[in-house]
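Chains as they are written, first to last, in our numbering: chain H, 1 to 91; chain P, 1 to 327.
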């Protein structure tokens with residue numbers, strides 16, 4: 001990251017002010033997400049065995065090979081976004 | 001005799017062994033300037049110098065591979081894997097090289113190496129700082145897998161491991177590090193690997209465990225004594241080679257057996273122990289064999305309720321112990 005940042009500065013694409021703004025923005029985002037996680041209710045013990053394999057519910061998470069998303073896109077005409085994936089379905 | 005916790009005992013034993021023999025050295029991530037993340041090697045760099053206290057890159061395969069080379073060349077390395085969860089990149093070095101060296105060289109070369117690794121959960125360590133790994137390596141002939149539960153056994157087994165002509169995987173349950181205290185003789189002594197220990201004598205039920213679970217089982221056995229039960233608790237101490245004699249002798253006496261381990265239940269070390277009892281003691285048994293292990297999920301969750309769901313604890317053990325006793 002440091003090397004790439006230096007390179008971008010040398011190319012005139014970034015300066016210290018912009019780098020600091022990016023840092024601040026990212027820190028705020030990380031802090032917000034961490035706080036959201038702490039504020040979220042504790043999961044119940046019965047969820048401990050979910051997501052060992054794809055047959056765990058709910059479906060639609062990353063790695064799902066069913067056609068439910070594609071079917072939904074066809075019927076709504078919209079685009080599937082990351083927000084469609086349930087929590088815990090990240091990559 | 002001095003009262004110590006487990007982590008202090010490891011520190012002191014390594015310290016004594018490095019003073020006793022110049023061939024003994026330590027290597028691993030942060031073992032030098034940092035003194036180890038659990039402070040096991042605190043002060044070692046100043047005392048023994050950077051030739052014998054070696055900070056390594058974050059490369060577990062290299063840590064074990066380098067230790068194998070050192071051992072083959074006459075040194076007695078004690079490699080530290082910072083958390084047992086990180087040992088998997090070194091699987092090939094341990095299984096394909098260290099464990100097989102003596103056999104494949106027709107006895108010409110041995111690998112007198114110790115690999116220490118803190119393992120186990122219940123410390124809110126989440127997926128990558130809570131794993132139990134003993135079953136992977138207990139399966140491999142040529143490796144000794146040791147799991148002390150008390151400060152006394154820790155000193156004796158570590159000293160024996162450093163003197164062992166073959167590779168020893170020395171597994172330290174990290175929750176016992178500061179939780180478990182006990183008297184440790186000041187003079188040197190060894191506890192040989194491959195010997196289980198009866199930590200509590202009893203006549204009604206045999207309970208077999210190791211690591212943190214040993215202490216949970218003792219707690220459950222003591223509570224059940226108030227109800228009149230006499231529970232024998234055996235500390236396996238060495239996963240491989242397993243001391244089947246001590247376990248089977250106890251089961252023949254009590255007629256009932258349960259095994260408790262924290263690792264995933266399926267194919268865990270407890271499965272081997274239960275299978276051995278079933279093979280050898282079927283007609284001595286007066287009740288079903290009981291096996292308590294962690295659930296078959298990929299890792300220990302971070303969340304408190306889910307970690308509690310994962311870990312066998314004295315209450316869960318007591319319930320099953322009582323059922324078996326009354327069977």
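By construction, the Cβ of each residue, glycine as well, lies at the ideal position given by its N, Cα and C atoms.
Check: residue i C-beta below 7 Å from any heavy atom of the ligand MG
i, result
"residue 54 of chain P", "Among the ligands in the structure shown, none appear at all, so the ligand MG cannot be discussed."
Residue i and residue j closer than 8 Å at C-beta
i, j, result
"residue 341 of chain P", "residue 37 of chain H", "Chain P is shown from 1 up to 327; residue 341 of chain P falls before or after that span and cannot be answered."
"residue 297 of chain P", "residue 317 of chain P", "no"
"residue 55 of chain P", "residue 40 of chain P", "no"
"residue 10 of chain P", "residue 262 of chain P", "no"
"residue 64 of chain P", "residue 44 of chain P", "no"
"residue 248 of chain P", "residue 277 of chain P", "yes"
"residue 160 of chain P", "residue 191 of chain P", "yes"
"residue 324 of chain P", "residue 205 of chain P", "yes"
"residue 224 of chain P", "residue 321 of chain P", "yes"
"residue 290 of chain P", "residue 208 of chain P", "no"
"residue 58 of chain P", "residue 29 of chain P", "yes"
"residue 184 of chain P", "residue 1 of chain P", "yes"
"residue 164 of chain P", "residue 132 of chain P", "no"
"residue 299 of chain P", "residue 158 of chain P", "no"
"residue 270 of chain P", "residue 120 of chain P", "no"
"residue 167 of chain P", "residue 195 of chain P", "no"
"residue 60 of chain P", "residue 90 of chain P", "yes"
Spatially closest choice to residue i from the options, by CA coordinates
i, options, result
"residue 118 of chain P", "P:285, P:38, P:17", "P:38"
"residue 149 of chain P", "P:294, P:177, P:1", "P:177"
"residue 319 of chain P", "P:212, P:32, P:54, P:220", "P:220"
"residue 77 of chain P", "P:83, P:128, P:98, P:226", "P:98"
"residue 94 of chain P", "P:2, P:109, P:114", "P:114"
"residue 122 of chain P", "P:325, P:324, P:303, P:321", "P:303"
"residue 170 of chain P", "P:185, P:129, P:153", "P:153"
"residue 109 of chain P", "P:86, P:142, P:133, P:146", "P:142"
"residue 309 of chain P", "P:264, P:46, P:280", "P:264"
"residue 82 of chain P", "P:129, P:68, P:70", "P:129"
"residue 281 of chain P", "P:140, P:301, P:256, P:168", "P:256"
"residue 267 of chain P", "P:135, P:246, P:232", "P:135"
"residue 140 of chain P", "P:100, P:222, P:20, P:151", "P:100"
"residue 116 of chain P", "P:186, P:104, P:67, P:314", "P:67"
"residue 88 of chain P", "P:74, P:62, P:36", "P:62"
"residue 20 of chain H", "H:33, H:34, H:53, H:5", "H:5"
"residue 124 of chain P", "P:301, P:326, P:188", "P:301"
"residue 85 of chain P", "P:162, P:182, P:174", "P:174"
"residue 198 of chain P", "P:187, P:217, P:233", "P:233"
"residue 75 of chain P", "P:112, P:144, P:314", "P:112"
"residue 250 of chain P", "P:271, P:269, P:237, P:285", "P:285"
"residue 242 of chain P", "P:24, P:252, P:137", "P:137"
"residue 179 of chain P", "P:216, P:13, P:51", "P:216"
"residue 253 of chain P", "P:16, P:35, P:201, P:104", "P:201"
"residue 327 of chain P", "P:229, P:36, P:295", "P:229"
"residue 6 of chain P", "P:47, P:48, P:181", "P:181"
Limits of the unbroken alpha helix (DSSP H) element including residue i
i, result
"residue 44 of chain P", "44 to 48"
"residue 71 of chain P", "60 to 72"
"residue 245 of chain P", "244 to 254"
"residue 163 of chain P", "Looking at the DSSP string, residue 163 of chain P is not in any alpha helix (DSSP H), and its letter there is neither H nor E."
"residue 10 of chain P", "6 to 20"
"residue 7 of chain H", "2 to 10"
"residue 26 of chain H", "16 to 39"
"residue 128 of chain P", "That residue, residue 128 of chain P, is in no alpha helix (DSSP H); it is neither H nor E in DSSP."
"residue 103 of chain P", "101 to 104"
"residue 272 of chain P", "269 to 281"
Residue range of the beta strand (DSSP E) that includes residue i
i, result
"residue 77 of chain P", "76 to 80"
"residue 220 of chain P", "First-last for residue 220 of chain P: 212 to 225, but that is the alpha helix (DSSP H), not the beta strand (DSSP E)."
"residue 115 of chain P", "114 to 119"
"residue 239 of chain P", "238 to 240"
"residue 28 of chain P", "24 to 28"
"residue 233 of chain P", "231 to 235"
"residue 262 of chain P", "257 to 264"
"residue 53 of chain P", "53 to 55"
- Item | Contact residues within the region 277 to 310 of chain P, judged by C-beta distance below 8 Å to chain H | 295, 296, 297, 298, 301, 303, 304, 305, 306, 308, 309, 310
- Message: If we require 4 or more residues per run, which alpha helix (DSSP H) segments fall completely within the region 286 to 322 of chain P?
- Response: 304 to 310
- Message: Beta carbons nearer than 8 Å to chain P: which residues of the region 37 to 59 of chain H have them?
- Response: 42, 43, 44, 45, 47, 48, 49, 52
- Query: What are the start and end residues of each continuous beta strand (DSSP E) run of 3 or more residues lying completely inside the region 138 to 206 of chain P, in chain order?
  - Reply: 144 to 146, 168 to 173, 181 to 184, 197 to 200
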